[in-house]
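Asks: Chains as they are written, first to last, in this note's numbering: chain A, 7 to 204; chain B, 7 to 204.
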DNA sequence: TTTATTTCATAACGACCATTATAAAACACT
DNA sequence: AGTGTTTTATAATGGTCGTTATGAAATAAA
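Quick look at the structure:
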């Protein structure tokens, strides 16, 4: 019973996600959020909790709806295919929307006031989770003989993440998809392999 | 004539630089700045202008005092040495100060409110300047036969910058110097060369 | 010693921040 | 129709933001 809500939760969350994606956690004000969502402040609070909770919900949504290429990548047959799939996916995602370029997880809270520390840590954890999955995937590749025994799987995962973060910084600076693809190509040029040299 | 200033300009600017380095442009408040510098607000305004001007002065200081390894790198004999010198320098600089890790130019203003747009653009320009110098250096290396004719100098410069930006994000997330060095090693593994294969 | 000038410390400014109190409006159930 | 419950819209809360007005303190020249 009671009055039924007049806005769509998913739609509002999507709009909030776009604002945070563009301006980051601290750079996004409730004026921005109410304007983008078309929802008044108290409704946002009652639906999602405070700003931090709303941001964390947006982070969940981002991972679910935008990072689908990541598990796809992990399912690729070789470690090089994994890396390439991720780099292509990042290049595409970071330039797909001109009005909020770059990566939500990198833009969200790189540096900021002490009050944004919980959000910063949540984003750090999200990146660490991805890196750990990559490392595990590369360790599997090593056991399968896809990667040479000399390969440093942790370093490979960290390197791949570093390149994606760098591409995110560049996308936020206005780099186009072609420029990011060129960066990805260079990152792939060194990928270790057990394939026979020609 | 007139009362003489009771604080050291360089010292105050250095303290302000550290605050911006740690919290970014928008995340740093005048409370933070006055506390770190030991200088009252009106004195900061009369000495440096407003917050934006102070930040830009801090940017100049950062480039002059912290990025000395960059021209050093450009003076290395081969493009690979250039890249290695930069990557080692970034790994060291981004982890030198535990209380403000990462890169001032990346931390400063990646995403934020519309009011920080001028600062964002200044940092983008600073990165573009470095990338352009790298590209020119690599083009010279290509003419000298150090880089193969097939090398894409613009892409190499963008790739190298991407890795440094990614290392900055990781350093801000708490990565240690060794972890960044491992990323650097992997970035160098693919560097194109005209050397004879063994 | 007076005078002009610069810097100092205190405190105020309006604007915006995230958050919430309030009450009218819309619904479900009796 | 009436009652209880939820959402709505308006507007106010205290706090912090960047910036500056104000007048006392300190210095150099007259």
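Where is the CB? At the ideal position from N, CA and C, for every residue including glycine. Please read all numbers here as calculations on a predicted model, not as lab measurements.
Would you check if the distance between the CB atom of residue 34 of chain A and the CB atom of residue 21 of chain A is smaller than 7 Å?
Replies: No, Cβ-Cβ distance for residue 34 of chain A and residue 21 of chain A is not below 7 Å.
Asks: For residue 204 of chain B and residue 198 of chain B, what's the separation of their Cα atoms in angstroms?
Replies: Low per-residue confidence applies at residue 204 of chain B: pLDDT is 47, beneath 50, and the placement is therefore not dependable enough to give any value.
Asks: Report the residue from A:39, A:186, A:44 and A:36 whose alpha carbon sits nearest the alpha carbon of residue 12 of chain A.
Replies: The shortest Cα separation from residue 12 of chain A among A:39, A:186, A:44 and A:36 belongs to A:44.
Asks: So, using beta-carbon positions, are residue 167 of chain A and residue 186 of chain A closer together than 7 Å?
Replies: Not closer than 7 Å, so no.
Asks: Roughly how many angstroms lie between the CA atoms of residue 95 of chain B and residue 46 of chain A, to the nearest whole one?
Replies: For residue 95 of chain B and residue 46 of chain A, the distance between alpha carbons rounds to 49 Å.
Asks: Counting only Cβ pairs nearer than 8 Å, list the residues of chain A close to residue 167 of chain B.
Replies: Within chain A, the residues near residue 167 of chain B are 172 and 176.
Asks: Please state whether DSSP places residue 204 of chain A in a helix, a strand or coil.
Replies: Low local confidence applies: a pLDDT of 47 at residue 204 of chain A is under 50, so the model's placement there is unreliable, with the coordinate-based value given in what follows. In the structure shown, residue 204 of chain A sits in coil (DSSP, three-state: anything other than H, G, I, E or B).
Asks: Against residue 196 of chain A, what residues of chain B qualify as contacts under a CB-to-CB distance less than 9 Å, listed in chain order?
Replies: The contacting residues are 192, 193, 194, 195, 196 and 197.
Asks: Shortest alpha-carbon distance to residue 207 of chain B belongs to which of B:29, B:30 and B:50?
Replies: Because residue 207 of chain B is not part of the residues shown, which for chain B are 7 to 204, the question remains open.
Asks: Identify each residue in the region 102-117 of chain A for which the Cβ-Cβ distance to at least one residue of chain B is less than 8 Å, and report them in chain order.
Replies: Hits within the stretch, in order: 108, 112, 113, 114, 116 and 117.
Asks: Could I get the ranges of all uninterrupted alpha helix (DSSP H) runs contained in the region 138-198 of chain A, with 4 residues as the minimum, in chain order?
Replies: Listed in chain order, they are 159-178 and 183-195.
Asks: Within 7 Å of any Cβ in chain B, is that where the Cβ of residue 18 of chain A sits?
Replies: Not an interface residue.
Asks: Under the assumption that residue 188 of chain A contacts residue 56 of chain B (Cβ atoms under 8 Å), give the Cβ distance between them as a whole number of angstroms.
Replies: That belief does not hold up - the Cβ atoms of residue 188 of chain A and residue 56 of chain B are roughly 39 Å apart, past 8 Å.
Asks: Taking DSSP as the reference, what is the three-state secondary structure of residue 54 of chain A?
Replies: Helix, per DSSP.
Asks: Taking its Cβ as the centre, do 16 or more other Cβ atoms sit within 10 Å of residue 153 of chain A, making it buried, or is it exposed?
Replies: It is buried - the Cβ of residue 153 of chain A has at least 16 other Cβ atoms within 10 Å.
Asks: Quick test of your reading: residue 192 of chain A and residue 161 of chain B, contact by CB under 8 Å. State the CB separation rounded to the nearest angstrom.
Replies: That belief holds up - the Cβ atoms of residue 192 of chain A and residue 161 of chain B are roughly 5 Å apart, short of 8 Å.
Asks: Can you list, in chain order, the residues of its chain whose CB lies under 7 Å from that of residue 15 of chain A, leaving out five sequence neighbours each side?
Replies: These residues qualify, in order along the chain: 53.
Asks: Between the region 95-109 of chain A and the region 128-138 of chain A, are three or more C-beta pairs nearer than 8 Å?
Replies: They do not touch, by the three-pair rule.
Asks: Please report the residue range of the alpha helix (DSSP H) in which residue 101 of chain A lies.
Replies: Residue 101 of chain A -> alpha helix (DSSP H) spans 85-102.
Asks: Quick test of your reading: residue 36 of chain A and residue 122 of chain A, contact by CB under 8 Å. State the CB separation rounded to the nearest angstrom.
Replies: Contact flag wrong, Cβ pair sits at about 15 Å.
Asks: Within 7 Å of any Cβ in chain A, is that where the Cβ of residue 30 of chain B sits?
Replies: Yes, because at least one Cβ of chain A sits closer than 7 Å to the Cβ of residue 30 of chain B.
Asks: Pull up the CB-CB distance for residue 93 of chain B and residue 40 of chain B, whole angstroms please, since I reckon it's below 8 Å.
Replies: Contact doesn't hold; Cβ gap of about 37 Å is too wide.
Asks: Within the continuous alpha helix (DSSP H) that includes residue 24 of chain B, where are the two ends?
Replies: Its alpha helix (DSSP H) spans residues 15-33.
Asks: Start and end of the alpha helix (DSSP H) containing residue 80 of chain A?
Replies: Where residue 80 of chain A is concerned, the enclosing alpha helix (DSSP H) stretches over 75-80.
Asks: The alpha helix (DSSP H) with residue 42 of chain A in it runs from where to where?
Replies: Unbroken alpha helix (DSSP H) run through residue 42 of chain A: 36-43.
Asks: Going by the CB atoms, is the gap between residue 85 of chain A and residue 144 of chain A shorter than 7 Å?
Replies: In contact: residue 144 of chain A and residue 85 of chain A (Cβ atoms closer than 7 Å).
Asks: With the cut-off set at 7 Å, would you say residue 125 of chain A and residue 117 of chain A are in Cβ contact?
Replies: The answer is no: Cβ separation not under 7 Å.
Asks: Could you tell me if residue 150 of chain A is buried or exposed, where buried requires 16 or more neighbouring beta carbons within 10 angstroms of its beta carbon?
Replies: That one is exposed.
Asks: Please go through the region 107-137 of chain A and give each complete alpha helix (DSSP H) segment of 4 or more residues, from N-terminal end onward.
Replies: With a minimum length of 4 residues, the continuous alpha helix (DSSP H) runs that stay inside the region 107-137 of chain A are 110-113.
Asks: Would residue 189 of chain B pass as an interface residue toward chain A - the criterion being a Cβ-Cβ separation below 7 Å?
Replies: Cβ-Cβ to chain A under 7 Å: yes for residue 189 of chain B.
Asks: Is the Cβ of residue 204 of chain B closer than 7 Å to any Cβ of chain A?
Replies: Any reading at residue 204 of chain B is ruled out, since the residue's pLDDT is 47, under 50, leaving its predicted position unreliable.
Asks: Kindly indicate if chain A contains any beta-carbon less than 7 Å away from that of residue 119 of chain B.
Replies: Yes, because at least one Cβ of chain A sits closer than 7 Å to the Cβ of residue 119 of chain B.
Asks: Please list, in chain order, the chain A residues whose beta carbon lies closer than 8 Å to that of residue 35 of chain B.
Replies: What residue 35 of chain B touches in chain A: 119.
Asks: Among B:78, B:89 and B:59, which one has its Cα closest to the Cα of residue 163 of chain B?
Replies: Measuring from the Cα of residue 163 of chain B, the nearest candidate turns out to be B:89.
Asks: Measuring straight from C-alpha to C-alpha, what distance separates residue 155 of chain B and residue 148 of chain B?
Replies: Distance between the alpha carbons of residue 155 of chain B and residue 148 of chain B is about 6 Å.
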